[in-house]
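There are 2 protein chains.
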Amino acid sequence: MPSPTATLRLRMIFDSRHAIGPGKIDLLEALRDTGSITAAARTMRMSYKRAWQLIDDLNHSFAEPLVAASKGGEHGGGAELTDTGRRVLEIYRSIERKAQKSFAVELRQLTRLRARS
Amino acid sequence: MPSPTATLRLRMIFDSRHAIGPGKIDLLEALRDTGSITAAARTMRMSYKRAWQLIDDLNHSFAEPLVAASKGGEHGGGAELTDTGRRVLEIYRSIERKAQKSFAVELRQLTRLRARS
Chain A
1 MPSPTATLRL RMIFDSRHAI GPGKIDLLEA LRDTGSITAA ARTMRMSYKR AWQLIDDLNH
61 SFAEPLVAAS KGGEHGGGAE LTDTGRRVLE IYRSIERKAQ KSFAVELRQL TRLRARS
Chain B
1001 MPSPTATLRL RMIFDSRHAI GPGKIDLLEA LRDTGSITAA ARTMRMSYKR AWQLIDDLNH
1061 SFAEPLVAAS KGGEHGGGAE LTDTGRRVLE IYRSIERKAQ KSFAVELRQL TRLRARS
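Same order as they appear, the protein sequences are chains A and B.
Quick note on numbering: the first sequence equals residues 1 to 117 in my numbering.
Quick note on numbering: the second sequence equals residues 1001 to 1117 in my numbering.
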């Protein structure tokens, strides 16, 4: 009975206080797709406050903000990815896609060690 | 002013309840090096109970246990990696090593987006 291959999840550690992983990346993607922090938070099943904290953290992890208010106030109005935000999302997803492919053999080896013989 | 390149951390998700990441892997390595759960827990700055829980979880994530008591009781006696434990540790570290190298370009791109211009 073949098990599905393990899924690789990545986290980039910049320093002791700054890192980016699947949670923040999924949030950026939800924000790109919905155009609002409120809607992105709902998609991610997290509070607006939590989403805002993660975005604030991301905005302070890079030289330029990753997310900018697009129109109206912060709560009601829209928000969108900046060029830096789109670039970070793109680089992360590219590494993720390549990694899952590059390490398919090793991930299958791990999966085989899980299968009851 | 060049920043150091981001460090990649990996987590393998097997299913909704089973995963293996840097914490469990470092614990396995500490256990291999110290030969005891108590000493490995101390190295990892975690309680014996927490180390034991992680090991119990690992032992139930694979077909064979990854850690076995080597002599004496569970608390006082030693513990060691089984063949499966050594294999899992080896596969994980191999992926980690290769990933850091394979994605050096992308990780530098991310790092550059962090540098204040």
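Note that the Cβ used here is the ideal one computed from N, Cα and C, for glycine as well.
Keep in mind that this is a model prediction, so the values were computed, not measured.
Asked	Found
Where arginine 138 of chain A meets chain B, residues with beta-carbon distance less than 7 angstroms	This structure leaves residue 138 of chain A out entirely; chain A is present only between 1 and 117.
Cβ pair valine 1067 of chain B, glutamate 1080 of chain B closer than 9 angstroms	yes
Contact set for glycine 1021 of chain B: own chain, Cβ-Cβ below 8 angstroms, skip 5 residues either direction	Arg1009, Leu1010, Arg1011, Met1012
Every unbroken beta strand (DSSP E) within the stretch 1005–1071 of chain B, with a cutoff of 3 residues, ordered by chain	1007–1013, 1067–1071
Helix, strand or coil at alanine 1079 of chain B according to DSSP, with G and I counted as helix	strand
CA nearest to the CA of glycine 78 of chain A, picked from A:Pro4, A:Leu27, A:Asp26, A:Ser36	A:Ser36
CA-to-CA distance, leucine 1054 of chain B to serine 1070 of chain B, given in whole angstroms	18 angstroms
Inter-residue spacing [alpha-carbon to alpha-carbon] between arginine 45 of chain A and glutamate 106 of chain A	33 angstroms
Distance CB(isoleucine 25 of chain A)-CB(arginine 93 of chain A) smaller than 9 angstroms	yes
Any C-beta of chain B under 9 angstroms from that of lysine 98 of chain A	yes
Reduced DSSP category for alanine 1115 of chain B - H, G, I as helix; E, B as strand; rest coil	coil
Sequence-distant residues of the same chain with beta carbon closer than 7 angstroms to serine 47 of chain A, five excluded per side	Ala41
Chain-ordered chain B contacts of alanine 6 of chain A [CB-CB under 7 angstroms]	Met1012, Ile1013, Phe1014
Residue-level contact to chain A via CB, isoleucine 1037 of chain B, 9 angstroms cutoff	no
Alanine 51 of chain A classed as buried or exposed, judged by whether at least 16 other C-beta atoms fall within 10 angstroms	buried
CB of alanine 63 of chain A within 9 angstroms of CB of arginine 1114 of chain B, strictly	yes
Near-chain B residues of the stretch 75–97 of chain A (beta-carbon distance less than 9 angstroms), N- to C-terminal order	Thr84, Arg87, Val88, Ile91, Tyr92, Ser94, Ile95
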